[in-house]
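Enquirer: Sending over a structure as structure tokens; questions will come in a sec.
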Amino acid sequence: MKNHTFFNIKAALPAKTAARLKNIAVKSLLAAGIMMMASCESSLDAINENPNDQSSVDPKVLLTYVSMNSFQVNGENMYASRMMIGTDGENPYQYMKWNDTSFEVYTKSLLNTMKMMQEAEKTGNKNYIAIGKFYRAFHFFNLSMKLGSIPYSEAVKGESKITQPKYDSQETVMAGILTELKEANDLINSADKIEGDIIYNGDASKWKKLINSFRLKILITMSKKTTLGSYNVAGEFASIAGSQPLMTSIGDNGELKFADAADSRYSMFNNSGYGSSLYMADYFINLFKARQDPRLFTFAAQTTGAKEAAKPITDFTGYNGGNPTSSYSDNADLITAKNISKVNDRFYKDATNEPSSVLSYSELEFILAEAAARGWITGSAKTHYDNAIKASFTFYQTYVKNPNQYFAGFDVNQYLASPLVVYNDADPLQNRIEKIMTQKYMTMFHQAQWTSYFDYLRTGFPDYPLQTGVSAPLRFRYPQSEYNYNSNNLKAALNAQYGGNDNISSQPWWLQ
């Protein structure tokens with residue numbers, strides 16, 4: 002099975018468990034017959050394999066394993082979203098030429114999630130079941146966003162002898178995971194203990210906030226749709242926002258913190274590409290320079306020319322990026338000219354760096370700002386927008402080492418009132434959406450996985466630069482293994498969605 006995760010992911014665990022997790026997890030998963038498969042002859046045979054093994058594994062071990070594989074830093078999106086460029090060859094994500102994706106998530110996360118839920122049912126622990134429903138929703142959402150229709154209702158059903166599951170429509174998947182998250186919200190409780198929790202350290206109330214906030218993320222992503230199955234998109238959003246607990250600070254972020262221990266360090270720690278061939282894209286850098294936004298200094302390094310000229314770190318003229326639409330050789334010329342910024346070296350030299358979030362309080366506030374701007378909820382879009390930006394600055398001032406070297410003298414309220422940042426309720430809706438999406442994008446460097454790219458496809462903002470004659474891909478192709486082992490169901494899905502075509506320019510249901 003092809004794995005399209007660009008970087009070698011090593012997720013973090015608490016220091017006490019980091020040293021022993023590998024042996025514990027692997028032995029337990031082997032005993033249960035559900036270990037992650039290094040390769041698959043048939044992706045869906047593997048997805049639905051029934052090990053017929055009576056041995057048990059503690060849900061807490063599976064929760065740790067699933068969490069560390071889910072809250073990853075995604076590198077592909079940094080190129081597709083025009084944040085970074087490569088100078089050692091033509092990266093398919095930078096040049097919008099990607100092809101198929103992987104179904105690895107079924108074996109790496111979803112199969113283990115289902116096992117965790119089954120084991121929790123034996124003890125009556127509802128919290129592991131609730132968190133399992135969250136992870137199911139999370140992974141099915143992300144996979145469907147990449148492809149369209151996917152195996153959902155019949156997936157991970159090996160015990161029912163389903164080895165070639167049907168594909169469910171994207172609408173069915175989205176409505177289904179909304180229902181699973183509603184069930185998760187109803188199940189989560191303060192009585193059942195949550196061990197093995199490397200995200201919230203067993204705090205059920207924080208899981209409840211993440212579950213409900215993720216419901217809103219799904220709904221706002223479906224903003225082009227009026228209904229999802231039996232759900233009215235705007236109405237369901239308003240109901241959740243008005244009645245359910247949501248994130249209220251960066252302390253509620255759905256994020257993984259890293260530790261300086263084996264198998265627990267930051268994903269890009271010691272990554273050789275960061276020290277040699279990965280640089281910042283000018284499109285991303287210029288948004289910060291135009292707004293005199295000091296978060297730039299936490300993302301990018303000074304150009305070599307600026308360092309040699311002894312410019313202060315906070316001198317915006319000392320930062321420059323390469324054009325993501327130019328050839329990699331043209332951008333390499335900027336290296337020779339000493340006029341291009343690398344990625345800040347903390348991303349590959351700091352073993353703990355910053356947490357990796359799949360949904361942060363800042364992102365939630367941008368979601369609420371957009372919903373208010375669209376009239377889905379009452380309240381001030383400006384207040385949510387301002388809160389989102391403030392939360393982003395708080396995040397970097399909290400987790401970046403020696404933040405005063407970047408933020409000394411910075412006044413976030415003055416920033417919010419500056420011409421390119423200030424939110425004005427009197428502006429046309431399109432202008433307000435552009436403000437929200439631009440600032441939301443500016444918070445997602447090495448964060449939130451593919452969210453910024455999906456937002457771009459949905460809203461057109463920010464306006465990514467593209468090569469002449471090249472369109473932004475709307476989706477990935479299905480894995481080749483599906484053509485080999487589940488071709489009838491795959492072809493039926495392709496005919497129903499895309500007239501039988503499986504290409505990156507085919508428009509999925511959520512964008513129609």
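In our numbering, the protein residues as written are 2 to 513.
Yeah, the Cβ is synthetic: ideal placement off N, Cα and C, and Gly gets one too.
Please classify Ser-71 as buried or exposed, where buried requires at least 16 neighbouring CB atoms within 10 angstroms.
Expert: The residue you call residue 71 lines up with position 70 of the sequence shown. Buried, because 16 or more other Cβ atoms sit within 10 Å of the Cβ of Ser-71.
Enquirer: Could you give the first and the last residue of the continuous alpha helix (DSSP H) run that contains Leu-64?
Expert: Stepping through the sequence shown from its first residue, residue 64 is reached at position 63. Where Leu-64 is concerned, the enclosing alpha helix (DSSP H) stretches over 60-71.
Enquirer: Helix, strand or coil for Met-85 per DSSP?
Expert: Your numbering for residue 85 matches position 84 in the sequence shown. Strand.
Enquirer: Would you mind sorting Asn-24 into buried or exposed? The rule is 16 or more other CB atoms within 10 Å of its CB.
Expert: As a working mapping, residue 24 is identified with position 23 in the sequence shown. With a pLDDT of 39 at Asn-24, under the threshold of 50, the modelled position of that residue is not reliable, and no figure is offered here.
Enquirer: Excluding the 5 residues preceding and the 5 following Thr-305 in the sequence, name in chain order all residues of the same chain whose CB lies nearer than 6 Å to its CB.
Expert: Locating residue 305 in the sequence shown gives position 304, where the first residue counts as 1. Only Lys-339 meet the Cβ criterion.
Enquirer: Can you find the residues in the same chain that come closer than 7 Å, C-beta to C-beta, to Thr-299, ignoring five residues on each side of it along the sequence?
Expert: Taking the sequence shown and counting its residues from 1, one reaches residue 299 at position 298. Hits under 7 Å: Asn-345, Tyr-397, Val-401 and Tyr-407.
Enquirer: Let me confirm a value: Thr-65 is counted as buried when at least 16 other C-beta atoms fall within 10 Å, else exposed. Which label applies?
Expert: Taking the sequence shown and counting its residues from 1, one reaches residue 65 at position 64. Buried: at least 16 other Cβ atoms inside 10 Å.
Enquirer: At the level of alpha carbons, what is the spacing between Gly-323 and Ala-418?
Expert: The residue given as residue 323 occupies position 322 in the sequence shown. The residue given as residue 418 occupies position 417 in the sequence shown. Those two C-alpha atoms are separated by around 30 Å.
Enquirer: For Arg-433, which residues from the same chain have a beta carbon less than 6 Å from its beta carbon, with the 5 sequence-adjacent residues on both sides left out?
Expert: Here residue 433 refers to the residue found at position 432 of the sequence shown. Closer than 6 Å at the Cβ level, and outside the excluded window around Arg-433, lie Ala-374.
Enquirer: Would the beta-carbon of Tyr-386 fall within 8 Å of that of Phe-270?
Expert: Counting from one through the sequence shown, the residue named residue 386 turns up at place 385. Counting from one through the sequence shown, the residue named residue 270 turns up at place 269. Their beta carbons are not under 8 Å apart, which means Tyr-386 does not touch Phe-270 by this criterion.
Enquirer: What does a CB cutoff of less than 8 Å around Thr-439 pick up in its chain, not counting 5 residues either side in sequence?
Expert: Residue numbering aside, residue 439 sits at position 438 when the sequence shown is read from its first letter. Hits under 8 Å: Leu-288, Phe-462 and Pro-463.
Enquirer: From the DSSP output, which residues share a beta bridge with Arg-478?
Expert: Sequence index remark: in the sequence shown, residue 478 carries index 477 (1-based). The partner list for Arg-478 (beta bridge, DSSP) reads Asp-101.
Enquirer: What does DSSP give as the partner residue(s) for Met-281 in the beta ladder?
Expert: For this step, residue 281 is matched to residue 280 along the sequence shown. According to DSSP, which records beta bridges pairwise, Met-281 is partnered with Met-85.
Enquirer: Could you give the residue range of the beta strand (DSSP E) that holds Ser-471?
Expert: For the purposes of this step, residue 471 is identified with residue 470 of the sequence shown, where counting begins at 1. Before going on, a small fix: residue 471 reads as Val here, not Ser. From DSSP, Val-471 is part of no beta strand (DSSP E); its letter is neither H nor E.
Enquirer: May I have a chain-ordered list of the alpha helix (DSSP H) segments no shorter than 4 residues that lie completely inside the stretch 92-137?
Expert: List check, alpha helix (DSSP H) in window: 112-124.
Enquirer: Between which two residues does the beta strand (DSSP E) carrying Leu-360 extend?
Expert: Translated into positions along the sequence shown, residue 360 becomes position 359. Start and end: 357-360.
Enquirer: Kindly provide the ranges of any beta strand (DSSP E) runs that are 3 or more residues long and lie completely inside the stretch 216-304, ordered along the chain.
Expert: 255-257 and 279-281, all fully within the stretch 216-304.
Enquirer: Does the distance from the CB of Arg-216 to the CB of Ile-241 come in under 8 Å?
Expert: Residue mapping note: residue 216 aligns to position 215 of the sequence shown, counting from 1. Residue mapping note: residue 241 aligns to position 240 of the sequence shown, counting from 1. Yes. Within cutoff.
Enquirer: For the 8 Å Cβ check, are there 3 or more pairs between the stretch 305-320 and the stretch 355-363?
Expert: Output reads no: the stretch 355-363 does not touch the stretch 305-320.
Enquirer: Please classify Asn-78: is it buried, with 16 or more other beta-carbons within 10 angstroms of its beta-carbon, or exposed?
Expert: If you number the sequence shown from 1, residue 78 lands on position 77. So Asn-78 ends up on the buried side.
Enquirer: Identify which residue in Lys-225, Tyr-153 and Leu-144 has its Cα closest to the Cα of Met-115.
Expert: Numbered from its first residue, the sequence shown carries residue 115 at position 114. Out of Lys-225, Tyr-153 and Leu-144, Tyr-153 has the C-alpha closest to the C-alpha of Met-115.
Enquirer: Taking the alpha carbon of Gly-501 as the point to measure from, which residue in Tyr-479, Leu-512 and Trp-511 has its own alpha carbon closest?
Expert: Locating residue 501 in the sequence shown gives position 500, counting from the first residue. Checked all of Tyr-479, Leu-512 and Trp-511; the closest Cα to Gly-501 is Tyr-479.
Enquirer: If you draw a straight line from the C-alpha of Met-146 to the C-alpha of Gln-293, how long is it?
Expert: Locating residue 146 in the sequence shown gives position 145, where the first residue counts as 1. Locating residue 293 in the sequence shown gives position 292, where the first residue counts as 1. Computed Cα separation, rounded: 34 Å.
Enquirer: Quick check on Gln-450: buried or exposed, where buried means 16 or more other Cβ atoms within 10 Å of its Cβ?
Expert: The sequence position of residue 450 within the sequence shown is 449, counting from 1. By the neighbour-count rule (16 or more Cβ atoms within 10 Å), Gln-450 is buried.
Enquirer: Considering just the uninterrupted stretch of the alpha helix (DSSP H) at Asn-388, what are its terminal residues?
Expert: The residue you call residue 388 lines up with position 387 of the sequence shown. Taken as a continuous stretch (DSSP letters only), the alpha helix (DSSP H) holding Asn-388 covers 382-400.
Enquirer: Anyone know if the C-beta pair for Arg-83 and Pro-466 falls short of 8 Å?
Expert: As a working note, residue 83 is residue 82 in the sequence shown. As a working note, residue 466 is residue 465 in the sequence shown. Yes, Cβ-Cβ distance for Arg-83 and Pro-466 is below 8 Å.
Enquirer: Just grab the DSSP bridge partners of Val-344 for me.
Expert: Position 343 of the sequence shown holds residue 344. According to DSSP, Val-344 bridges with Ala-301.
Enquirer: Any contact between the stretch 223-231 and the stretch 163-175? By contact I mean 3 or more CB pairs, one from each, below 8 Å.
Expert: These segments touch.
Enquirer: Do the stretch 125-136 and the stretch 188-207 make contact, defined as three or more Cβ pairs closer than 8 Å?
Expert: Counting Cβ pairs under 8 Å, three or more are found: they touch.
Enquirer: Where does the unbroken alpha helix (DSSP H) through Arg-459 begin, and where does it stop?
Expert: Within the sequence shown, the letter at position 458 stands for residue 459. Here the alpha helix (DSSP H) through Arg-459 covers 452-460.
Enquirer: To the nearest angstrom, how far is it from the Cα of Leu-475 to the Cα of Leu-458?
Expert: Here the question's residue 475 lines up with position 474 in the sequence shown. Here the question's residue 458 lines up with position 457 in the sequence shown. Roughly 7 Å separates the two Cα atoms.
Enquirer: Should the stretch 93-105 be called in touch with the stretch 477-494, which here means at least 3 C-beta pairs below 8 Å?
Expert: Counting Cβ pairs under 8 Å, three or more are found: they touch.
Enquirer: Apply the 10 Å Cβ neighbour rule to Gln-513 and answer buried if 16 or more other Cβ atoms are within range, or exposed otherwise.
Expert: Reading the sequence shown from its first residue, position 512 is the one you call residue 513. With fewer than 16 other Cβ atoms within 10 Å, it is exposed.
Enquirer: For Asn-504, which residues of its own chain have a beta-carbon under 8 Å away from its beta-carbon, when the five flanking residues on both sides are left out?
Expert: To locate residue 504, count along the sequence shown from 1; it is residue 503. Same-chain partners within the cutoff: Arg-478.
Enquirer: Bridge partners for Ile-1 per DSSP, in chain order?
Expert: A query on residue 1 cannot be resolved here, the shown segment of the chain reaching from 2 to 513 and no further.
Enquirer: Give me the residue from Met-69, Ser-507 and Ser-278 with the minimum Cα distance to Asn-332.
Expert: Looking up residue 332 in the sequence shown gives position 331. Ranking Met-69, Ser-507 and Ser-278 by Cα distance to Asn-332 puts Ser-278 first.
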